[in-house]
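Numbering follows numbering that gives the first Met the number 0, in which position 58 of the sequence shown is assigned residue number 57; successive positions increment by one, without gaps.
Cβ coordinates follow ideal geometry from the N, Cα and C atoms, glycine included.
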Amino acid sequence: MDLIHLADPDGDRCIVRITGRFQPGVLTGHDILHADVLASASFVDARLDLYLFQHDLDSWEQELSNLGPGKTASIGGDRGLSLDIHMHEDGWLSIQVSDPDRLTTLLGTRPQGDWIAEHRGRLEQVRLTWPHEVIETAPGAYEWSPNRKR
0 MDLIHLADPD
10 GDRCIVRITG
20 RFQPGVLTGH
30 DILHADVLAS
40 ASFVDARLDL
50 YLFQHDLDSW
60 EQELSNLGPG
70 KTASIGGDRG
80 LSLDIHMHED
90 GWLSIQVSDP
100 DRLTTLLGTR
110 PQGDWIAEHR
120 GRLEQVRLTW
130 PHEVIETAPG
140 AYEWSPNRKR
């Protein structure tokens with residue numbers, strides 16, 4: 000399921016595809032989501048790993064809501080790979096994918112339609128598919144949420 004899907008007719012694209020839970024059934028890793036970041040253009044074709052915590056999704060939602068001309072929305076970055084989407088005044092996006100151990104690249108695309116609303120919908124679908132099911136009762140102490148679906 001794609002959390003982020005930005006592409007243009009020339010084939011340049013940046014996709015953050017959630018592939019599932021990092022460690023399903025393990026309290027400390029159950030709510031962490033694994034994603035593939037796919038970056039493709041005439042000069043790059045990369046697949047990189049990204050791990051997203053629930054607070055990363057909350058932060059992405061806020062940054063997406065605040066995104067406008069001259070502003071940047073980011074996801075990841077605390078633990079390695081970061082993805083920064085900068086919106087220019089003319090509607091073009093600069094997308095920087097930076098993995099400190101492997102690659103830094105910059106892509107450009109001009110999405111059509113209301114892509115921000117579309118991406119809010121993508122985020123909602125990710126949350127419905129992989130809901131928050133672990134609660135931290137004290138620092139380093141976890142238990143299953145009473146709302147957990149089994």
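Notebook entry, point to check: Which term fits Thr128, buried or exposed, when burial requires 16 or more other beta carbons within 10 angstroms of its beta carbon?
Noted result: exposed
Next item on the list: Sort Phe42, Gly76 and Val25 by Cα distance to Tyr50 and report the nearest one.
Entry: Gly76
Check: Mind checking whether Leu80 and Ser93 have CB atoms under 8 Å apart?
Finding: no
Check: For the candidate residues Leu82, His54 and Trp143, whose alpha-carbon lies nearest to that of Leu102?
Finding: Leu82
Notebook entry, point to check: Can you tell which of Gly69, Gln111, Ser58 and Leu5 has the C-alpha that lies nearest to the C-alpha of Val36?
Noted result: Leu5
Next item on the list: Can you tell me which of the three DSSP states His29 falls into?
Entry: coil
Notebook entry, point to check: Is it buried or exposed for Thr108, if we count other Cβ within 10 angstroms and need 16 for buried?
Noted result: buried
Checklist line | Cβ-based neighbour list, Gln124, same chain, cut-off 7 Å, excluding 5 preceding and 5 following | finding: Met0
Next item on the list: Taking only the alpha-carbon atoms, compute the straight-line gap between Trp59 and Ala72 and give it to the nearest angstrom.
Entry: 7 Å
Notebook entry, point to check: Going by alpha carbons, who is nearest to Val96 out of Ile14, Asp7 and Gly112?
Noted result: Ile14
Margin query: Between His29 and Val133, how many whole angstroms is the CB-CB distance? I'm expecting something under 8 Å.
Written below: 5 Å
Notebook entry, point to check: Under the rule that 16 or more other beta-carbon atoms within 10 Å means buried, what is Arg121, buried or exposed?
Noted result: buried
Check: Roughly how many whole angstroms lie between the Cα atoms of Asp44 and Asp7?
Finding: 15 Å
Check: What's the call for His87, buried or exposed, on a 16-neighbour Cβ count within 10 Å?
Finding: exposed
Notebook entry, point to check: Can you tell which of Leu26, Gly19, Arg16 and Phe21 has its C-alpha closest to the C-alpha of Gly139?
Noted result: Leu26
Next item on the list: Return the first residue and the last residue of the beta strand (DSSP E) that Ser73 is part of.
Entry: Thr71 to Gly75
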